[in-house]
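For reference, the structure discussed in these notes is given below.
Protein chains: 2
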Amino acid sequence: MPTAALVVIGEEILSGKFPDENGPFAIRRLREIGCDLRRITIIPDEIGAIAAEVAASAAAFDFVLTSGGVGPTHDDVTFVGVAAAFGLSLAPHPDLLALVRRFGLPENDASRQMATVPAGALLHPVRDDGVPVVQVRNVFVFPGVPKLFQRKLEGIAPLLAGTTVATARLVVRRTEVHVAAALASVAAANPTVAIGSYPRYEGEEHVIVTLDSRDTVALSAAFAELVTALDPVEVVRAPPV
Amino acid sequence: MPTAALVVIGEEILSGKFPDENGPFAIRRLREIGCDLRRITIIPDEIGAIAAEVAASAAAFDFVLTSGGVGPTHDDVTFVGVAAAFGLSLAPHPDLLALVRRFGLPENDASRQMATVPAGALLHPVRDDGVPVVQVRNVFVFPGVPKLFQRKLEGIAPLLAGTTVATARLVVRRTEVHVAAALASVAAANPTVAIGSYPRYEGEEHVIVTLDSRDTVALSAAFAELVTALDPVEVVRAPPV
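Quick look at the structure:
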């Protein structure tokens, strides 16, 4: 199954001017298509921070998605950071320059900046406004504006897809220290099933236990063991596949 | 001014089971108290990932806040990861063991795990449920449950506080390529003012320009220059200090 990291580039997120909508969207959509999102980072629009984060994530995961910093203004430095991550040079891409002309934008430093990408970049056409998604090695560069991020991620989703994860949950009306031993034992006996435990204090204190696996047989077995061991007050089985 | 990074430790966030509420809360609250949040990372409950992220962030920023992974179950490994980040050993802390007894929890492996912290850890009493915030070097370890995270961050907020940032904004009804040159020039002339530019496509296409600074005189000057250069349709001045 493919793994991915998301790098959200945006001073405006860290300083609280805009909420991050792209992280939550990526979490939901990558989950649906079976791409394993292992890391999200939110960093400022700084070349050094972008280069370091993209280089480390590109080496550790199958895919890296970046969000933001691809416009025409002085604070848009994502392509410079991605180039620095891999030691690549930057040059205006003829197809992107043509797009600037087609959109009737003035041909100045600002519009040229938007068309200037790392050497060897691939352009993926996405059926919406005609602006392609730029790929540099295993890094896909997305705009930060949520509406555009979502449409463009949708456009390249087939490239990222894998086997989807089945999930089940149960709710136990006890404190976590009373269920920890049973969880540890079932987790150890079912290594392909990820078991999570989340205490909640709204209403009567309870623990939400979740089971995730790409192996539906193992998931069913672990689920049955936990139902027996924990006497849950509520269960949500994995939907049939 | 102090800088900080937030490390959200939670498989449940990356897999979409629960939304991350602690990142948005930390963004808002740290902004209010004048602590400069420079990085947010969301990573799984894995010792190696926690150790690497905490070590890198502790070296780069004044403070690191972690969220999650401090309970009694098999997937709670934050203290092990923080210890590994600094090469520290782990041992049960007598004050935390006493707390386990005071709360009437069973004395088993699970409750002992919650009381086991890196050597040399400091405990900060927080006036709520009596559970202290654990500090290891410049790292503050918080629970992931949003209600607890918020109360405990509130409790140690005075330790993180600095000079607050003043902010102003204006809205321009033009596309970004037409304002980029003016923004770059005002940004270059006012290095203590951070100028951001955010295109939006809801309704009529427009650009939101923001100015942030701890220097209110410089902020006013840059704001006046941009008002003259850009003919905004809407302005929000920095509130007086």
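Protein chains in written order, with the working numbering: chain C, 6 to 246; chain B, 6 to 246. Note that beta-carbon positions come from the ideal geometry of N, C-alpha and C, so glycine has one too.
Name the DSSP bridge partner or partners of residue 139/B?
128/B and 146/B
Do you know how far the Cα of residue 200/B is from the Cα of residue 32/C?
When the Cα atoms are used, residue 32/C and residue 200/B turn out to be separated by approximately 30 Å.
Closer than 7 Å by beta-carbon distance: list the chain B residues that pair up with residue 110/C, in chain order.
182
Run down chain C in chain order and give the residues with a C-beta less than 8 Å from the C-beta of residue 16/B.
Near residue 16/B (Cβ distances below 8 Å), the residues of chain C are 199 and 201.
Touch check for the region 61-74 of chain C and the region 107-125 of chain C: three-plus C-beta pairs under 8 Å?
Under the three-pair Cβ rule at 8 Å, the region 61-74 of chain C does not count as touching the region 107-125 of chain C.
Determine which residues of the region 76-104 of chain B have a Cβ less than 7 Å from any Cβ of chain C, and write them out in chain order.
Taking 7 Å as the Cβ-Cβ cut-off, the region 76-104 of chain B approaches chain C at 76, 77, 78, 79 and 80, given in chain order.
Among residues of its own chain, excluding the 5 on either side of residue 171/B, which ones have a beta-carbon nearer than 8 Å to its beta-carbon?
217, 218, 219, 221, 224, 243, 244 and 246
Cβ-based burial, residue 239/C [other Cβ within 10 Å; buried from 16]
exposed
Measuring straight from C-alpha to C-alpha, what distance separates residue 24/C and residue 198/B?
22 Å
Using a Cβ-Cβ cut-off of less than 8 Å, list which residues of the region 22-44 of chain C approach chain B; keep chain order.
22, 23, 24, 25, 28, 29, 32, 33, 36, 42, 43 and 44
Return the first residue and the last residue of the beta strand (DSSP E) that residue 174/B is part of.
171-177
With a cut-off of 8 Å, do at least 3 Cβ pairs link the region 49-67 of chain B to the region 15-22 of chain B?
yes
Measuring straight from C-alpha to C-alpha, what distance separates residue 79/B and residue 155/B?
24 Å
Residue interval of the alpha helix (DSSP H) (run including residue 158/C):
151-165
Whose Cβ in chain B lies nearer than 8 Å to the Cβ of residue 157/C?
In chain order: nothing, as chain B lies at least about 14 Å away.
Which two residues bound the contiguous beta strand (DSSP E) that contains residue 68/C?
68-72
Closer than 7 Å between beta carbons: that is the criterion. Which residues of the region 43-61 of chain B meet it against chain C?
43, 44, 45, 46, 47, 48 and 49
Is DSSP giving residue 98/B helix, strand or coil here?
DSSP places residue 98/B in coil when its eight states are reduced to three.
Report the residue from 22/C, 160/C, 30/C and 126/C whose alpha carbon sits nearest the alpha carbon of residue 132/C.
160/C
Check whether the Cβ atoms of residue 202/B and residue 191/B sit closer than 8 Å, and answer yes or no.
no
Bounding residues of the beta strand (DSSP E) (the contiguous stretch that carries residue 83/B)
Segment 83-91 is the alpha helix (DSSP H) holding residue 83/B; no beta strand (DSSP E) there.
Please report the straight-line C-alpha distance between residue 63/B and residue 144/B, rounded to a whole angstrom.
A direct Cα-to-Cα measurement between residue 63/B and residue 144/B gives close to 7 Å.
To the nearest angstrom, how far is it from the Cα of residue 128/B to the Cα of residue 105/C?
Cα to Cα, residue 128/B sits roughly 58 Å from residue 105/C.
With DSSP collapsed to three states, give me the class of residue 75/C.
coil
Range of the contiguous beta strand (DSSP E) that encloses residue 204/C
199-205
When the distance is taken between beta carbons, is residue 38/B closer than 8 Å to residue 83/B?
Taking 8 Å as the Cβ cut-off, residue 83/B and residue 38/B do not qualify as a contacting pair.
Find the residues of chain B that neighbour residue 150/C, judging by a C-beta separation of less than 9 Å, and give them in chain order.
203, 204, 205 and 206
Identify every run of the beta strand (DSSP E) within the region 18-59 of chain B, keeping only runs that are complete inside it and at least 3 residues long; order them along the chain.
41-48
Determine, using beta carbons only, whether residue 113/B comes closer than 8 Å to chain C.
yes
How is the beta strand (DSSP E) around residue 240/B delimited, first residue to last?
239-241
In or out: residue 227/C buried (at least 16 other Cβ within 10 Å) or exposed?
buried
Does any residue of chain C bring its CB to less than 8 Å from the CB of residue 186/B?
yes
Which word fits residue 147/C, buried or exposed, when buried means at least 16 other C-beta atoms lie within 10 angstroms of its C-beta?
Residue 147/C comes out buried.
Under 7 Å Cβ-Cβ, which residues of chain B neighbour residue 192/C?
79
Tell me whether residue 221/C sits in a helix, a strand or coil according to DSSP, three-state version.
helix
Looking at the structure shown, is residue 120/B part of a helix, part of a strand, or coil, going by DSSP?
coil
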